[in-house]
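Inspection log for the structure reproduced underneath, given as structure tokens.
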Amino acid sequence: MINETAMACVGGQIASNLVDHTSDLSALDSRGKWVVVVDFDGSARCLRFQDWRLGSPAEVAGTWRGPAVDGYASSLSQTQYVAAVNAVRDAIALGTLYQANVCRVLSAELPDADAADIVGLAALLEKQSPAPFASCVRVPELGLEVASASPELFLQRNGNSISSGPIKGTGKTAGDLSEKDEAENVMIVDLVRNDLGQICVPGSVAVPSLLRTEQHPTVVHLVSTVSGTLADSTTWPQIFGATFPPGSVTGAPKYTALKLIADLEPVQRGPYCGAIGVVDADAGAATLAVGIRTFWLNRTRDAATLNFGTGAGITWGSNPDSEWEESALKARHLTTVAAGEWT
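By the count of the working numbering, the sequence shown reaches residue 343 at its end, each step adding exactly one.
Written out as structure tokens, the structure reads:
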């Protein structure tokens, strides 16, 4: 059996001794150091751990045996996904929106629920798919078992300084990135500027980096940075109210994109496309990743299902079959990693 002790690995640290948990984001303005997991639908789990030390998942991982790469069922078939992409393009043609992210959830039953420590999966990801905002959270008694190899910064806070690092544009090489990718990135940068503008000092929102290329395992991304100065007395519920869900995994305008996503996607995204990271209330600091490249477990008494989300941003210039292939490209390497074993 896996170790039932609640713990998390995030930001190069191991957190243990869970002393408080709540769904109330206002707790992040109180005291202590919190691990935060917010699902795409806004459901929050805020976990205050007492003990923190430097370390990685490999030091504390239990056994992991993953499902076969071809063992996943998709919440949308290729035909259904292509139809969803065309629905977005139709909405764009009508002037309803400019861009929307269409995602699907892959699910596979694990071969042995007792050999399913999510920290073991995190250790495999750390070894074979390292990411700047990797994390894992294991609190089985709360139904929370998540491992993420996220490359994307949602929010970073240091006092009243706040920034975001949206990713839009993915290819196997830099040569695969197109004018469509650049246009999509710029649209989301404008959306994030608007989000931060709701909570930042007027005139302080800036774009210090636009359309830089970042190399990650198996893929290349286009990344930008948007920053600002928080208005005095801004609370965490206000920050999330203005910025969540992340712009890069919703669309523009965000409200319209979310309504379309709800119509097109048949299952909830869970922690995929949400936010995962650490808020240090005492230091006034935080690093939260966008919950992409993210696995999570659902358990019953005798079985466990591994879930993984993947998707793509859709614009008028999108080719529906190519967008399906992009979603498959993003999933292929990580589901291969998850098929391995850790003992």
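Glycine included, every Cβ here is placed at the ideal spot set by N, Cα and C.
- Within the same chain, and ignoring the five residues on either side of residue 218 in sequence, the residues whose Cβ sits closer than 7 Å to its Cβ are 333.
- One thing to note: residue 118 has its Cβ within 8 Å of the Cβ of residue 138.
- Around the beta carbon of residue 254, 16 or more other beta carbons sit within 10 angstroms, so the residue counts as buried.
- Beta-bridge pairing by DSSP links residue 75 to no other residue.
- For residue 88, the closest of 260, 146, 280 and 342 by C-alpha to C-alpha distance is 260.
- Per DSSP, reduced to three states, the secondary structure at residue 324 is helical.
- Taking 8 Å as the upper bound for CB-CB distance, residue 147 and residue 122 are in contact here, some 4 Å apart.
- If the five residues before and after residue 149 are omitted, its C-beta is found closer than 7 Å to the C-beta atoms of 125, 129, 131, 134, 293 and 334, all from its own chain and listed in chain order.
- Here residue 208 is exposed, its C-beta having fewer than 16 other C-beta atoms within 10 Å.
- Only exposed fits residue 86, as fewer than 16 other CB atoms lie within 10 angstroms of its CB.
- Judged by DSSP in its simplified three-state form, residue 205 adopts coil rather than helix or strand.
- Across the set 77, 5, 232 and 24, the C-alpha of 5 shows the shortest separation from the C-alpha of residue 15.
- Just so you know, the alpha carbons of residue 224 and residue 301 end up roughly 44 Å apart.
- Remark: C-beta atoms of residue 280 and residue 286 approach each other more closely than 8 Å.
- Of 339, 307, 328 and 341, the smallest CA-CA separation from residue 170 is found for 328.
- The C-beta distance from residue 269 to residue 40 rounds to 4 Å, short enough to fall under 8 Å.
- Three or more Cβ pairs closer than 8 Å define a contact, and the region 54-63 meets that threshold against the region 100-120.
- For the region 26-57, the continuous beta strand (DSSP E) assignments of 3+ residues that do not extend past its boundaries occur at 33-38 and 44-54, in sequence order.
- The three-state reading of DSSP puts residue 128 in helix, counting H, G and I together.
- Within the DSSP bridge table, the entry for residue 161 names 158 and 229 as partners.
- Taking the C-beta atoms as reference points, residue 107 is found nearer than 8 Å to residue 305.
- Three or more beta-carbon pairs separated by less than 8 Å link the region 30-47 to the region 271-280, which places the two stretches in contact.
- Annotation for residue 171: the continuous beta strand (DSSP E) segment containing it runs 167-171.
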